[in-house]
Structure formats: structure tokens, C-alpha cells
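Per this note's numbering, residue 66 is the first one in the sequence shown, and the count goes up by one each step.
Note that CB positions come from ideal geometry on N, CA and C, so glycine has one too.
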Amino acid sequence: MDTFNLNYYLYNNPLLTENIADPKEKAVVDDLKDDMSNILKGLESSLDKANKESASKGQQPTNEGALLIASIAVALPAILGLISKIGKVAGAGINKLLGKVPSEKNAYNEWMTKLGHIADELHHLYLKPIQGIVGKFVKDKVKADKISNGIFHLIVASFLIASGVGAVKALQAKNVSLATLEGAMAAVKAGEIKAFITGLAS
66 MDTFNLNYYL
76 YNNPLLTENI
86 ADPKEKAVVD
96 DLKDDMSNIL
106 KGLESSLDKA
116 NKESASKGQQ
126 PTNEGALLIA
136 SIAVALPAIL
146 GLISKIGKVA
156 GAGINKLLGK
166 VPSEKNAYNE
176 WMTKLGHIAD
186 ELHHLYLKPI
196 QGIVGKFVKD
206 KVKADKISNG
216 IFHLIVASFL
226 IASGVGAVKA
236 LQAKNVSLAT
246 LEGAMAAVKA
256 GEIKAFITGL
266 AS
């Protein structure tokens, strides 16, 4: 199994530096650090627990994707709670520091650009640890990266929804797929996160 060390990555990694320049955008990201760490720790511990339970029953899964789906299903209530919490924290921070969704088109586009910067910064800081966690349980790197990217998009979707964003066409982010994000937002709104992740792992 992969020996990725989440605590080292989060707290002792000199390469984990912020790229964001705008002080208000940076403040939003800083407000999310503890909650993002909790999401990552919760994801890792939940998947590790499910994996150990499977091993203790003498089960040797032949399909890593199926194991991950089963593990996420077990951990889903806790993961949903963490994602919901970070969405609310981010939404409140964005509305406080950047203001609520503007009605004027140019102001709205500028506001969405700032949200894109925040999404890119979260990608820079946290995609690698998500990949490290998922990679411990899914050895197929292509599939592991696809699942990790989906989880990241679920987190972004949660804070966009909490911020009052209804459509993502105006979002300008280098590291966010609008198609995947739209799917993630639909999954969060409909309570279909398990199905969304299942689709990525299949």
C-alpha cells in the first residue's frame, strides 16, 4: 500500500506554499485550511477503516474501484457532513470578504473570476493530498487521479452553491473542468454524490 503521509504533507511540507496574491481571496483560502485538513483526514481514516474491515473478514477485493465505492458508501455520512461544512464556511467567507452575488454583468464576471482564483488555489494546495489518499487504495493511477479530481470538484461545487452560484459558465479557473463541475454541482444539489463518485470509479 502507498505510504503517503498526510500529516507531513499538511504541516511539514516546505513546498506547500500559497500562490494567491489578492488579500481577500487569500483570506477566504486561509479560513478554509482547518476544514480542508479535516476533510482530508476524515477521508483517509474512513477509507482506511473500511479497508481494514474488509481484510479482517478475509475479503480480498479484485476490483479496487468497487472497494473504494464500498468504502465511500460506509463513510458517506461523515464525508457529506465535512463537505457541507466547508461549503458553508467558504460561502460565508466569500459573501463576507467578496460580497454576495452581484446582479450587474461586469461585476458578476469579476466576482466569478475571484472565485476561480480561489478554486485554483485550493487545487494547488489540496489536490495532491487527495491523490495521495485515494492512491493508497487504488493502484491504477489513471483511475485514482480521476476519482481524486472528482472529489476536488465536489468540494468546489459545495462552496459555489453555498455562495449563491447557480451556473458556472462565467467561472474562470485554470484547474477546474466546467463539465465536471456542473456534474458535481448537480450531484450535491440532488444528494447523488455516491452515484457521481461511482461513475468516476467504474
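- Boundaries of the alpha helix (DSSP H) harbouring N214: K206 to A227, taken from the DSSP string.
- Proximity of the stretch 222-231 to the stretch 147-161 meets the contact definition, three or more beta-carbon pairs being nearer than 8 Å.
- With a threshold of 16 other beta carbon atoms within 10 Å, P88 falls short and is exposed.
- Judged by beta-carbon spacing, V199 lies beyond the 9 Å limit of H218, meaning their Cβ atoms are not closer than that value.
- The beta carbons of A184 and L97 sit about 11 Å from each other, so the pair does not count as a contact at 8 Å.
- Listed in chain order, the non-local C-beta contacts of E90 below 6 Å within the same chain comprise K179, H182 and I183, local neighbours out to five positions each way being set aside.
- DSSP, reduced to helix, strand and coil, places Q196 within a helical segment of the structure shown.
- Going by DSSP, F261 is part of the alpha helix (DSSP H) stretching over I258 to A266.
- In terms of Cβ geometry, L105 and P194 form a close pair [threshold 9 Å].
- For A244, the enclosing alpha helix (DSSP H) stretches over residues L243 to A255.
- Distances from the alpha-carbon of L265 to those of M250, A252, S223 and K211 put K211 closest.
- Taking a 10 Å sphere around the C-beta of A251, we find fewer than 16 other C-beta atoms and assign the residue as exposed.
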